[in-house]
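Everything below concerns the one structure shown next.
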């Protein structure tokens, strides 16, 4: 196991010992590679997984597995299961709705006013005025779409393969991206990290949005070009942004992004379940695999997620 | 007309001139009291309304009319219409959902971390874990309840007379307040400002909530005892609060509330529609009254709202 270092391991151990006392749980560096059946990892050192001949299954400690699959020696014949406990989509929906309302109600502006003890009232748009476009309509995008609709936002989506969600117009594939962007007052990026999505959130894409559009990225840091976002905010093409992901993480303490008055930074927490919930899900998956039932969210190397 | 001073008046005038060119619109101090048919006011000087013998109707510039009815000479025989344009309930719902998610996702903590350029990640509860209790189930409370349910929050309410809203258990009257509070992890105050609700949000009420409960007040400032809120936050009985209203307003620049790390302050903006929308609604009401159709939301002196 390698996720969260030694301190993180102690927490995983405590929860797994309570949930599945029969499992023998060891820290990465303490285990005999030949004796490992299951590995739980976030950003393993290259080559380590390949050195485990008896490995039956790899668990990613987060929904994204790009830090695992970037290892050139990643053992592609071993099933890689993405961390998708039942509450993960809801939690992402909580975050996306918070971020959407935060942009709508200008939460960053209010926080800066509070910091200066200044009473500055203003009126703003309402949810039905803002057309939300979600890039990526997987499990998380679908839940976010339903929750945003419940708030009164008109919602549409963009996806690689067609998704049929109630009340959500889906723009499918590269050819439909322009039409998708043209009607997106607020763009929510929930795309998986693949070669095709790297750097997608940059100047060229922002130019195709309505002027003053809003941006939320809860996908992956490599999908955004941070200097482009800062420039678009300065120039007015973007009216505000909430970013949960960066490349690299954590964001450097001296990065100018921290202080931008139209940018809200959150530390990759969008869909992070408490470790207890993640441990329960892993324990449940292992019990299922031992009984012959594989979890659904297995990494597909062909798709890249 | 008296709402927003001379500068505010110029904005009202511009919108009303465009929407209802036949109306003769004058600033409060410029009008002949004997010639006024309709008055639009937020906090009129005591006695001024009583000096208008031909007054047919008074419009409040906000949903609350307590700053109008506190005038001892307020002419009670003249209908007083509360500002409730169609979008007002949705706008309040936007605000309440933002505030609820802001407390859930610890938006204040993240804003303070961003201000120090500190990357501090943490996991937190999810909407289905937090039982929301809404005090006041009028038009605004009902819309907020539906939107909160759409986010996955379990929602119940407390009201003077029984309200039947889908999926919302209603606790009715003073006798049910204890039972209501006991199951409220997050309390949302949307009560009207009456003698019975003044000072209700204080230490005695907080003590009946689950430890670490969260508070949103988007009702009226007189309903809360601000030093009690700060003490409950310091002591841990309250885990966080978002306050949109104060007494008096604006909140004094040297008030210690501004700097509290668990308290988010917003400047009475919860359901403030843009002036254009409010002007359109007033113009529509006047056209209706002239045609014999009175608006629904007329102040009831017996109820106090």
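Protein chains in written order, with this note's numbering: chain A, 17 to 321; chain B, 17 to 321. In this text, a Cβ means the ideal position worked out from N, Cα and C, and glycines have one as well.
Straight-line Cα distance separating residue j from residue i
{"i": "residue 193 of chain A", "j": "residue 288 of chain A", "result": "29 Å"}
{"i": "residue 281 of chain B", "j": "residue 68 of chain A", "result": "54 Å"}
{"i": "residue 142 of chain B", "j": "residue 114 of chain A", "result": "12 Å"}
{"i": "residue 116 of chain A", "j": "residue 207 of chain A", "result": "17 Å"}
{"i": "residue 85 of chain A", "j": "residue 103 of chain A", "result": "24 Å"}
{"i": "residue 186 of chain B", "j": "residue 204 of chain B", "result": "14 Å"}
{"i": "residue 72 of chain B", "j": "residue 303 of chain B", "result": "13 Å"}
{"i": "residue 170 of chain B", "j": "residue 164 of chain B", "result": "8 Å"}
{"i": "residue 264 of chain B", "j": "residue 57 of chain B", "result": "18 Å"}
{"i": "residue 32 of chain A", "j": "residue 76 of chain A", "result": "16 Å"}
{"i": "residue 182 of chain A", "j": "residue 124 of chain A", "result": "32 Å"}
{"i": "residue 133 of chain A", "j": "residue 223 of chain A", "result": "36 Å"}
{"i": "residue 305 of chain B", "j": "residue 312 of chain B", "result": "11 Å"}
{"i": "residue 10 of chain A", "j": "residue 197 of chain B", "result": "Only positions 17 to 321 of chain A appear in the structure, and residue 10 of chain A is not among them; the question remains open."}
{"i": "residue 212 of chain A", "j": "residue 156 of chain A", "result": "19 Å"}
{"i": "residue 228 of chain A", "j": "residue 176 of chain A", "result": "26 Å"}
{"i": "residue 318 of chain B", "j": "residue 138 of chain A", "result": "33 Å"}
{"i": "residue 63 of chain B", "j": "residue 74 of chain B", "result": "14 Å"}
{"i": "residue 296 of chain B", "j": "residue 119 of chain A", "result": "26 Å"}
{"i": "residue 190 of chain A", "j": "residue 243 of chain A", "result": "24 Å"}
{"i": "residue 290 of chain B", "j": "residue 293 of chain A", "result": "43 Å"}
{"i": "residue 237 of chain B", "j": "residue 248 of chain B", "result": "17 Å"}
{"i": "residue 28 of chain B", "j": "residue 36 of chain B", "result": "11 Å"}
{"i": "residue 310 of chain B", "j": "residue 90 of chain B", "result": "20 Å"}
{"i": "residue 221 of chain B", "j": "residue 230 of chain B", "result": "12 Å"}
{"i": "residue 162 of chain A", "j": "residue 184 of chain B", "result": "20 Å"}
Where residue i meets chain A, residues with beta-carbon distance less than 8 Å
{"i": "residue 100 of chain B", "result": "By Cβ distance, chain A contributes nothing, its closest Cβ being about 14 Å from residue 100 of chain B, past 8 Å."}
{"i": "residue 40 of chain B", "result": "Those do not exist, as residue 40 of chain B stays about 26 Å from chain A at its closest Cβ, beyond 8 Å."}
{"i": "residue 106 of chain B", "result": "142, 143, 144, 168"}
Proximity winner among the options, relative to residue i (alpha-carbon distances)
{"i": "residue 26 of chain A", "options": "A/75, A/41, A/222", "result": "A/41"}
{"i": "residue 301 of chain A", "options": "A/47, A/100, A/22, A/176", "result": "A/100"}
{"i": "residue 44 of chain A", "options": "A/30, A/32, A/61", "result": "A/61"}
{"i": "residue 298 of chain A", "options": "A/23, A/34, A/230", "result": "A/34"}
{"i": "residue 46 of chain A", "options": "A/30, A/22, A/36, A/39", "result": "A/22"}
{"i": "residue 320 of chain A", "options": "A/296, A/30, A/209, A/249", "result": "A/209"}
{"i": "residue 275 of chain A", "options": "B/59, B/49, B/130, B/138", "result": "B/130"}
{"i": "residue 217 of chain B", "options": "B/259, B/195, B/251", "result": "B/259"}
{"i": "residue 153 of chain A", "options": "A/235, A/88, A/279, A/94", "result": "A/235"}
{"i": "residue 246 of chain B", "options": "B/180, B/98, B/29, B/256", "result": "B/256"}
{"i": "residue 262 of chain B", "options": "B/254, B/286, B/248, B/253", "result": "B/286"}
{"i": "residue 250 of chain B", "options": "B/239, B/272, B/53, B/268", "result": "B/272"}
{"i": "residue 65 of chain B", "options": "B/180, B/29, B/294, B/95", "result": "B/95"}
{"i": "residue 105 of chain B", "options": "B/52, B/160, B/89", "result": "B/160"}
{"i": "residue 200 of chain B", "options": "B/126, B/48, B/148, B/28", "result": "B/148"}
{"i": "residue 107 of chain A", "options": "A/184, A/126, A/269, A/158", "result": "A/158"}
Chain-ordered neighbours of residue i on chain A, where CB pairs are closer than 7 Å
{"i": "residue 62 of chain B", "result": "Result: empty, since nearest Cβ-Cβ is about 24 Å, beyond 7 Å."}
{"i": "residue 138 of chain B", "result": "285"}
{"i": "residue 31 of chain B", "result": "Going along chain A, no residue has its Cβ under 7 Å from residue 31 of chain B, so there is no contact; the nearest lies around 12 Å."}
{"i": "residue 103 of chain B", "result": "142"}
{"i": "residue 274 of chain B", "result": "130, 133"}
{"i": "residue 281 of chain B", "result": "130"}
{"i": "residue 117 of chain B", "result": "110, 113, 114, 117"}
Presumed contact (8 Å Cβ cut-off) between residue i and residue j, rounded CB distance
{"i": "residue 277 of chain A", "j": "residue 266 of chain A", "result": "At roughly 21 Å, the Cβ-Cβ gap does not stay under 8 Å, so residue 277 of chain A and residue 266 of chain A are not in contact."}
{"i": "residue 215 of chain B", "j": "residue 232 of chain B", "result": "So it is not a contact: roughly 17 Å between Cβ atoms."}
{"i": "residue 166 of chain A", "j": "residue 166 of chain B", "result": "2 Å"}
{"i": "residue 315 of chain A", "j": "residue 121 of chain B", "result": "Not a contact, Cβ separation roughly 28 Å."}
{"i": "residue 202 of chain B", "j": "residue 146 of chain B", "result": "5 Å"}
{"i": "residue 151 of chain B", "j": "residue 174 of chain B", "result": "5 Å"}
{"i": "residue 70 of chain A", "j": "residue 50 of chain A", "result": "6 Å"}
{"i": "residue 92 of chain A", "j": "residue 79 of chain A", "result": "Between residue 79 of chain A and residue 92 of chain A the Cβ distance is about 20 Å, and since that is not below 8 Å, they are no contact."}
{"i": "residue 127 of chain B", "j": "residue 269 of chain A", "result": "At roughly 17 Å, the Cβ-Cβ gap does not stay under 8 Å, so residue 127 of chain B and residue 269 of chain A are not in contact."}
Closer than 7 Å at the beta carbon, the chain B residues around residue i
{"i": "residue 121 of chain A", "result": "110, 111, 114"}
{"i": "residue 166 of chain A", "result": "163, 166, 167"}
{"i": "residue 127 of chain A", "result": "127"}
Contacts that residue i makes with chain B (C-beta to C-beta distance below 9 Å)
{"i": "residue 267 of chain A", "result": "133, 135"}
{"i": "residue 232 of chain A", "result": "None at all; the shortest Cβ gap to chain B is about 13 Å."}
{"i": "residue 296 of chain A", "result": "None at all; the shortest Cβ gap to chain B is about 13 Å."}
Cross-chain neighbours of residue i in chain A, by beta carbon under 9 Å
{"i": "residue 147 of chain B", "result": "Under the 9 Å cutoff, chain A gives no residues; its nearest Cβ is about 15 Å from residue 147 of chain B."}
{"i": "residue 172 of chain B", "result": "Near residue 172 of chain B there are no residues of chain A at all, since even the closest Cβ is about 18 Å away, more than 9 Å."}
{"i": "residue 289 of chain B", "result": "139, 142"}
Problem - Complete runs of the beta strand (DSSP E) confined to the region 55 to 114 of chain B [at least 3 residues] - result: 73 to 76
Exercise for the section: Just list the alpha helix (DSSP H) runs in the region 257 to 311 of chain A, keeping only unbroken ones of 4 residues or longer that don't cross its boundaries, in chain order. Expected result: 291 to 306
Handout entry: Whole beta strand (DSSP E) elements within the region 163 to 245 of chain A, 3-residue minimum
Key = 171 to 175, 185 to 188, 202 to 205, 229 to 233
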